[in-house]
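Numbering (the working numbering), first residue to last: 58 to 274.
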């Protein structure tokens with residue numbers, strides 16, 4: 058079970074696993090939520106020392122040894138499969154996983170948010186939507202009523218998901234894409250930037266264009 062972090066939180070120590078560009082936005086969101094002590098762990102340490110203004114203090118093994126020193130832990134890795142693997146590792150270790158919801162996001166009280174979810178500024182999640190563990194709801198995306206997003210889905214900035222859409226685990230909806238209501242999108246699907254999805258998509262597909270069509274790869 059995750060802890061929910063949004064609005065005002067006492068000064069606590071947060072560990073972020075992952076040190077890429079995505080981690081900068083996660084750390085900044087954490088600060089907006091009141092987390093003032095933030096340490097980053099990345100497997101490129103010690104060659105990687107800083108992520109923006111935030112220190113990188115160790116790798117995954119170091120984090121696992123120090124879990125009890127943190128009030129919260131979250132994975133900040135953009136790659137869906139890698140994020141899922143790291144999330145599973147932390148769950149097995151009984152890490153104090155949280156979800157981070159930016160104060161400028163609008164999340165219905167009737168929506169369900171899983172463990173390790175991040176929702177950045179401008180995100181809207183409407184009633185009866187279900188957001189799976191480890192999902193990324195990136196800046197300014199919207200998830201309408203009754204949608205179901207699987208584990209470690211990534212909804213990119215500005216994407217629009219209409220009502221009663223199902224998105225399978227590990228799928229990636231590209232920047233500015235739109236998905237018509239009542240659509241089913243399988244697992245490990247990539248929807249290209251600006252695409253308009255008007256038909257169901259099976260597993261392991263990449264679709265692009267308006268209307269979105271599968272690439273022959």
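From the three backbone atoms N, C-alpha and C, an ideal C-beta is built for every residue, glycine too.
Tell me the DSSP bridge mates of residue i?
i, result
"residue 115", "98"
"residue 182", "164 and 200"
"residue 271", "264"
"residue 124", "According to DSSP, which records beta bridges pairwise, residue 124 is partnered with nothing at all."
"residue 229", "211 and 247"
Comparing alpha-carbon positions, which option in the options lies nearest residue i?
i, options, result
"residue 157", "148, 150 and 129", "129"
"residue 83", "131, 266 and 188", "131"
"residue 101", "262, 117, 111 and 92", "117"
"residue 244", "188, 226 and 199", "226"
"residue 194", "206, 89, 260 and 185", "206"
"residue 222", "182, 204, 145 and 258", "204"
"residue 87", "209, 162 and 147", "162"
"residue 120", "77, 166, 103 and 73", "73"
What did DSSP end up calling residue i once you bin it into helix, strand or coil?
i, result
"residue 65", "Residue placement at residue 65 is flagged as unreliable, the pLDDT there being 47, under the threshold of 50; a coordinate-derived value is accordingly withheld."
"residue 216", "coil"
"residue 84", "helix"
"residue 59", "With a pLDDT of only 49 at residue 59, under 50, the local geometry of the prediction cannot be trusted, and the value read off the model is given with reservation. Note: residue 59 maps to coil in three-state DSSP."
"residue 211", "strand"
"residue 236", "strand"
If you follow the alpha helix (DSSP H) that residue i is part of, which residue opens it and which one closes it?
i, result
"residue 147", "137 to 149"
Is it true that the CB of residue j sits closer than 8 Å to the CB of residue i?
i, j, result
"residue 173", "residue 190", "yes"
"residue 133", "residue 168", "no"
"residue 188", "residue 198", "no"
"residue 115", "residue 98", "yes"
"residue 202", "residue 215", "no"
Starting from residue i, trace the beta strand (DSSP E) both ways and give me its first and last residue.
i, result
"residue 129", "129 to 132"
"residue 73", "70 to 74"
"residue 157", "155 to 158"
"residue 264", "263 to 265"
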